[in-house]
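Report on the structure given below.
Residue numbers (this note's numbering): 15 to 181.
What follows is the structure, encoded as structure tokens:
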């Protein structure tokens, strides 16, 4: 099987390329996510990226090395829970090509095999059908509905809770 993408830990050196990709992806991201749009916001994203509570990656095309997306495994909780939240987004020009599906498959493998998590949860706005199809294709199951769960672009938005468990 050919590897489409690779996960690379996010780094300060990704700043210019990342911010350019975000600027190019405004239409794609609205209204689902609010990625960093300025250098200070990017640094705030990167600083805790590889600490004990987070593993944050850029998704790069294996052959072209183009920046195709972002994946964050965050709020890692240990103890008897061994769980984390999954956040992600593609960059414009790379969506609907199976690249983020390949990236999420790698992230799921990282979460369970390397981070030794038991559960990974993705919270998705119900209207974001592409994102729901993506997690469903990766084996996530719908667990519930959370009204006014996350504040995105200045509004509290409802979310569906999707999760996958280690096998």
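For each residue, glycine too, the CB sits at the ideal point set by N, CA and C.
- Non-local beta-carbon contacts of residue 140 in its own chain, meaning distances under 7 Å to residues more than five positions away in sequence, involve 172, 174 in chain order.
- Assignment of alpha helix (DSSP H) within the region 44 to 73, counting only whole runs of 4 or more residues, yields 53 to 60 in chain order.
- Residue 122 holds the alpha-carbon nearest to the alpha-carbon of residue 21 among 169, 163, 130, 122.
- Counting only residues of its own chain and dropping the five nearest sequence neighbours on each side, residue 164 has a CB closer than 8 Å to the CB of 137, 170, 171, 173.
- One thing to note: residue 109 has its Cβ no nearer than 9 Å to the Cβ of residue 80.
- By the neighbour-count criterion, in which a residue is buried when 16 or more other Cβ atoms sit within 10 angstroms of its Cβ, residue 156 is exposed.
- For a cut-off of 8 Å, the C-beta gap from residue 104 to residue 42 is around 7 Å, short enough to register as a contact.
- Distance from the Cα of residue 69 is smallest, within the candidate group 88, 39, 78, for 88.
- Going by DSSP, residue 121 is part of the alpha helix (DSSP H) stretching over 113 to 123.
- Cβ-Cβ distances below 6 Å link residue 31 to 81 in the same chain, with the five nearest sequence neighbours on each side left out; the list follows chain order.
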